[in-house]
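Colleague: Pasting a structure below so you can have a look.
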Ligand SMILES: CC(C)(COP(=O)(O)OP(=O)(O)OC[C@H]1O[C@@H](n2cnc3c(N)ncnc32)[C@H](O)[C@@H]1OP(=O)(O)O)[C@@H](O)C(=O)NCCC(=O)NCCS
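Residue numbers (the numbering used here): 33 to 256.
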């Protein structure tokens, strides 16, 4: 473990302490990814400065039971916005184990970096978030959802702020995106609060019942 110390963050936000272990489970080949990340550029554990003592932890297959429970408890809260929540399997630990295993492979390939938001004392799953390369070269996209019991407590916002800081420090990243449906006001409030700029709103297919079919693209400059 090598603490990296507090990272100066975004205007208007408190600093976030990125005490990390540095991806020690990846070997150099596995971690030499589509973004040419240096090994350990994306940490496996991030302590967040928040009164609830929360943290980000790399999602592992062993988290399947806890993740399935969090989804089950939060189903009604997720259904309007997350297409996968409509699938009963999303509450099934076996299904989640498969997804998490795939996610671990994506992390090693450098395609996606999936985290759980956890209560660092009890290790309860309070939500999930991640960095994804799917929007194209030299970009990272941030996604998130929170447990219904976390709503309005700032967990998702604090997690997104930490992922923004991490993404901006990854060599070769020019832009960081947060993308949400325009009807998802709670989600859009996060990039707005973090200082992202709304680049545009474009029509897209409706994939969940709360959506308006208007995709907002929020952008923050990366470190390049
Ligand atoms: C989108 C979603 C993650 C946002 O959740 P949220 O509860 O609004 O967001 P947060 O938990 O970060 O809460 C932000 C609020 O917490 C408050 N807050 C409380 N303590 C805080 C703290 N220590 N730090 C920061 N904010 C804090 C903020 O002031 C803010 O309140 P406001 O809405 O009155 O401005 C959540 O609604 C969700 O999971 N929705 C379903 C899934 C989804 O839509 N995902 C996104 C798809 S694009």
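Ideal Cβ positions, reconstructed from N, Cα and C, are used throughout, including at glycine.
None of these values were measured; they are calculated from a predicted model.
1. Do residue 109 and residue 149 count as a contact pair if the criterion is CB distance below 7 Å?
2. Is it buried or exposed, residue 197, if we count other Cβ atoms within 10 angstroms and call 16 or more buried?
3. Is the CB-CB distance between residue 152 and residue 73 below 7 Å?
4. Which term fits residue 76, buried or exposed, when burial requires 16 or more other beta carbons within 10 angstroms of its beta carbon?
5. Can you list, in chain order, the residues of its chain whose CB lies under 6 Å from that of residue 115, leaving out five sequence neighbours each side?
6. Can you list, in chain order, the residues of its chain whose CB lies under 6 Å from that of residue 111, leaving out five sequence neighbours each side?
7. Can the beta-carbon of residue 91 be found less than 7 Å from the beta-carbon of residue 129?
8. Is any heavy atom of ligand 1 found at a distance shorter than 6 Å from the C-beta of residue 187?
9. Residue 212 and residue 248: beta carbons closer than 7 Å?
10. What does DSSP give as the partner residues of residue 176 in its beta bridges?
11. Measure the CB-CB distance between residue 127 and residue 134 and report whether it falls below 7 Å.
12. Tell me whether residue 246 sits in a helix, a strand or coil according to DSSP, three-state version.
13. Do residue 179 and residue 94 have their C-beta atoms within less than 7 Å of each other?
14. If you follow the beta strand (DSSP E) that residue 1 is part of, which residue opens it and which one closes it?
15. For residue 233, count neighbouring Cβ atoms within 10 angstroms of its own Cβ and tell me buried if that reaches 16, exposed if not.
16. On a Cα-Cα basis, can you pick out the residue from 236, 253, 206, 167 that is closest to residue 226?
17. Alpha helix (DSSP H) containing residue 79: first to last residue?
18. Kindly indicate which three-state DSSP category residue 93 falls into: helix, strand or coil?
19. Check the C-beta distance from residue 162 over to residue 175 and give it rounded, since I have them as a contact under 8 Å.
20. According to DSSP, is residue 190 part of a helix, a strand, or is it coil?
21. Out of 145, 235, 146, 98, which one is the CA nearest neighbour of residue 124?
Modeller: Checking against the coordinates, here is how it stands:
1. For the 7 Å CB-CB criterion, residue 149 and residue 109 do not form a contact.
2. Residue environment analysis places residue 197 among the buried positions, since at least 16 neighbouring C-beta atoms fall within 10 angstroms of its C-beta.
3. no
4. buried
5. 239, 240
6. If we look at residue 111 and ignore the five residues flanking it on each side, its Cβ neighbours are 117.
7. no
8. yes
9. yes
10. DSSP links residue 176 through a beta bridge to 161.
11. no
12. strand
13. no
14. A query on residue 1 cannot be resolved here, the shown segment of the chain reaching from 33 to 256 and no further.
15. exposed
16. 253
17. Here residue 79 belongs to no alpha helix (DSSP H); instead the beta strand (DSSP E) covers 77-79.
18. Residue 93: helix per DSSP, three-state reduction.
19. 6 Å
20. helix
21. For residue 124, the closest C-alpha among the options 145, 235, 146, 98 is that of 98.
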